[in-house]
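Below is one structure, written out as structure tokens, with a few remarks after it.
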Amino acid sequence: MSSPVVNGSSTSSSCSSNSVSSVQSSVMFATPTAPVTPCDAVATPMRLLESLPKRLPERQDPELLRWSDMPQHLQFNPYVLTGYRPLQTVRGCMYSLFYWHNETINILTHGIPIVYILAIVPALMPWENDFRFLSWCHIIGAVCPWIGSFVYHLFMNLEKGECIYYKLLQLDMLGIWVSQSFGALPMVTATVFCLGWKLKWSLMLAYCMLSLWGLYKALTALSPWQRRLCFLLPFMMRVLLTMLRTLKLAGGNPAALTHVFLQPMWE
Numbered sequence: 004m005s006s007p008v009v010n011g012s013s014t015s016s017s018c019s020s021n022s023v024s025s026v027q028s029s030v031m032f033a034t035p036t037a038p039v040t041p042c043d044a045v046a047t048p049m050r051l052l053e054s055l056p057k058r059l060p061e062r063q064d065p066e067l068l069r070w071s072d073m074p075q076h077l078q079f080n081p082y083v084l085t086g087y088r089p090l091q092t093v094r095g096c097m098y099s100l101f102y103w104h105n106e107t108i109n110i111l112t113h114g115i116p117i118v119y120i121l122a123i124v125p126a127l128m129p130w131e132n133d134f135r136f137l138s139w140c141h142i143i144g145a146v147c148p149w150i151g152s153f154v155y156h157l158f159m160n161l162e163k164g165e166c167i168y169y170k171l172l173q174l175d176m177l178g179i180w181v182s183q184s185f186g187a188l189p190m191v192t193a194t195v196f197c198l199g200w201k202l203k204w205s206l207m208l209a210y211c212m213l214s215l216w217g218l219y220k221a222l223t224a225l226s227p228w229q230r231r232l233c234f235l236l237p238f239m240m241r242v243l244l245t246m247l248r249t250l251k252l253a254g255g256n257p258a259a260l261t262h263v264f265l266q267p268m269w270e
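This note's numbering applies: residue 4 is where the sequence shown begins, and numbers increase by one.
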């Protein structure tokens, strides 16, 4: 009865010894693996970087043209001979903000005042109910000529043709007209404020009519001189009102008279 127990124990011991020896042999013949070091951790992304292109593609700016290469409607200044942008799409015109050409100074000197006016001037205005309309007139009149000229100079080489160019030129003139009409209303209103009711509104109506005449002349002008003279009559009326203020025959704060003289210089 004892022999089966001995045989069973010998059988189980032999099986366990065989499994131990197989594990030992597998450990002996297993391929050793090197431990991961910090240098290897750095080397992996370095290999990825080395696989990238050595240089980023350079930005390709459009080739600038000469005055003689431009369409006839863009040959208005024979004294600027080089640096002209080729005809471009809307995206190409906007991209021209980021490289140098013969309109860069015009674009920047009209774009920077837009940011300055919108950031600074509204905080200086009186926004009470009695003056809110005149405050809006002042801000709109101050910023519109810069916006019109900025858009005109930026998109003047649009590939849509001569018709679009003259539409942009009319937009530029419209911005100047807003400055001459709405922008001057605070000065005109202050000057005639203390006059009689009939005289006050007669002068206001006269200035509005002259401003509308100037708008018509500005949008139908065919030459640079016609565009310069289209605002002559509203300007002359403002000169007359300024003289009345100087002679103390009209209203307005005397301390603001210096700004009244400076306004035409900025226009």
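All C-beta atoms, glycine included, are put in the ideal place defined by N, C-alpha and C.
In this text the structure is predicted, and so the values were computed from the model without any measurement.
Task: Close-in-space but distant-in-sequence residues of the same chain around F185 (CB under 7 Å, 5 per side omitted) - done: Within the sequence shown, numbered from 1, the residue matching residue 185 stands at position 182. Excluding residues within five positions, the ones whose Cβ falls inside 7 Å are C140, I143, G144.
TODO: Indicate whether D133 and Y102 have their beta-carbon atoms separated by less than 8 Å.
DONE: Along the sequence shown, read from residue 1 onward, the residue named residue 133 stands at position 130. Along the sequence shown, read from residue 1 onward, the residue named residue 102 stands at position 99. With respect to the 8 Å criterion, D133 and Y102 are not classified as neighbours on the basis of their beta carbons.
Task: Reduced DSSP category for L90 - H, G, I as helix; E, B as strand; rest coil - done: By 1-based counting over the sequence shown, the position of residue 90 is 87. In the three-state scheme derived from DSSP, where H, G and I count as helix and E and B as strand, L90 is classed as coil.
Task: DSSP three-state assignment for L68, whether helix, strand or coil - done: Position 65 of the sequence shown, counted from the first residue, corresponds to residue 68. Three-state result, L68: strand.
Task: Reduced DSSP category for L161 - H, G, I as helix; E, B as strand; rest coil - done: The count along the sequence shown starts at 1 and reaches residue 161 at position 158. Strand.
Task: Sub-8 Å separation of G178 and P148 beta-carbons - done: Against the sequence shown, residue 178 aligns to sequence position 175. Against the sequence shown, residue 148 aligns to sequence position 145. Yes.
Open item on the list: Restricting to runs no shorter than 3 residues, where is the beta strand (DSSP E) found entirely within the region 183-260?
Closed with: List check, beta strand (DSSP E) in window: nothing returned.
Open item on the list: At the level of alpha carbons, what is the spacing between L107 and M73?
Closed with: Taking the first residue of the sequence shown as 1, we reach residue 107 at position 104. Taking the first residue of the sequence shown as 1, we reach residue 73 at position 70. Reading the sequence as shown, one finds Thr at residue 107 and not Leu. C-alpha separation (whole angstroms): 17 Å.
- [ ] Thinking L236 and L213 are a contact (beta carbons under 8 Å), I'd like their distance in whole angstroms, please.
- [x] Position 233 of the sequence shown, counted from the first residue, corresponds to residue 236. Position 210 of the sequence shown, counted from the first residue, corresponds to residue 213. The distance from the Cβ of L236 to that of L213 is about 5 Å, consistent with a contact at the 8 Å cut-off.
TODO: Using three-state DSSP, classify Q75 as helix, strand or coil.
DONE: Translated into the one-based positions of the sequence shown, residue 75 becomes position 72. Three-state result, Q75: helix.
TODO: Determine the extent of the alpha helix (DSSP H) in which Y119 is found, giving its start and end residues.
DONE: Sequence index remark: in the sequence shown, residue 119 carries index 116 (1-based). Y119 -> alpha helix (DSSP H) spans 107-123.
TODO: Check whether the Cβ atoms of M159 and L171 sit closer than 8 Å, and answer yes or no.
DONE: Locating residue 159 in the sequence shown gives position 156, counting from the first residue. Locating residue 171 in the sequence shown gives position 168, counting from the first residue. For the 8 Å CB-CB criterion, M159 and L171 form a contact.
- [ ] Assign P148 to one of three DSSP states: helix, strand, or coil.
- [x] Sequence index remark: in the sequence shown, residue 148 carries index 145 (1-based). Secondary structure of P148 (DSSP, three-state): helix.
Open item on the list: So, with DSSP's three-state summary, where would you put Y102?
Closed with: Counting from 1 along the sequence shown, the entry for residue 102 is found at position 99. If DSSP states are grouped into helix, strand and coil, Y102 belongs with coil.
Open item on the list: For Q183, which residues in the same chain have their Cβ closer than 6 Å to its Cβ, ignoring the five residues on either side in sequence?
Closed with: The sequence position of residue 183 within the sequence shown is 180, counting from 1. For Q183, where only same-chain residues beyond five positions count, the Cβ hits under 6 Å are F234, P237.
- [ ] For H156, I'd like the list of residues in its chain whose CB is within less than 6 Å of its CB, leaving aside the five on either flank, ordered along the chain.
- [x] In the sequence shown, the residue the question calls residue 156 occupies position 153. Leaving aside the five residues that flank H156 on each side, the residues in its chain whose CB is nearer than 6 Å to its CB run, in chain order, E106, N109, I110.
- [ ] Go through its chain and collect everything with a Cβ distance to F32's Cβ below 6 Å, but skip five positions before and after it.
- [x] Within the sequence shown, the letter at position 29 stands for residue 32. Interpretation of F32 is limited by its pLDDT of 44, a score under 50 that renders its predicted location unreliable; the figure taken from the coordinates is listed afterwards. Excluding the 5 residues flanking it on each side, F32 has no same chain C-beta neighbour closer than 6 Å.
Open item on the list: Am I right that L67 and Y98 are in contact with their C-beta atoms under 8 Å? What's the rounded C-beta distance?
Closed with: Mapped onto the sequence shown, residue 67 falls at position 64. Mapped onto the sequence shown, residue 98 falls at position 95. Actually they are not in contact, since the Cβ atoms of L67 and Y98 sit about 13 Å apart, beyond 8 Å.
Open item on the list: What would DSSP say about F136, mapped onto helix, strand or coil?
Closed with: For the purposes of this step, residue 136 is identified with residue 133 of the sequence shown, where counting begins at 1. Here F136 sits in helix by DSSP.
Open item on the list: Pop quiz: L137 and T192 are said to be a contact at Cβ under 8 Å. What is the actual Cβ separation, rounded to whole angstroms?
Closed with: For the purposes of this step, residue 137 is identified with residue 134 of the sequence shown, where counting begins at 1. For the purposes of this step, residue 192 is identified with residue 189 of the sequence shown, where counting begins at 1. Contact between L137 and T192 holds: CB atoms are separated by about 6 Å, below the 8 Å threshold.
- [ ] Report the rounded CA-to-CA distance for N256 versus R230, giving the unit in angstroms.
- [x] Numbered from its first residue, the sequence shown carries residue 256 at position 253. Numbered from its first residue, the sequence shown carries residue 230 at position 227. Each residue's Cα considered, the two are about 33 Å apart.
TODO: Assess, as a yes-or-no matter, whether the region 208-224 is touched by the region 162-170 under the definition of 3 or more beta carbon pairs within less than 8 Å.
DONE: In this structure the region 162-170 does not lie against the region 208-224, because fewer than three pairs of beta carbons, one per stretch, are closer than 8 Å.
Task: Rounded C-alpha distance that separates G95 from V154 - done: If you number the sequence shown from 1, residue 95 lands on position 92. If you number the sequence shown from 1, residue 154 lands on position 151. Rounded to whole angstroms, G95 to V154 spans 14 Å at the Cα level.
Open item on the list: Suppose you measure from the CA of V93 to the CA of M246; what does that come to, to the nearest Å?
Closed with: In the sequence shown, counting from the first residue as 1, residue 93 sits at position 90. In the sequence shown, counting from the first residue as 1, residue 246 sits at position 243. Distance between the alpha carbons of V93 and M246 is about 47 Å.
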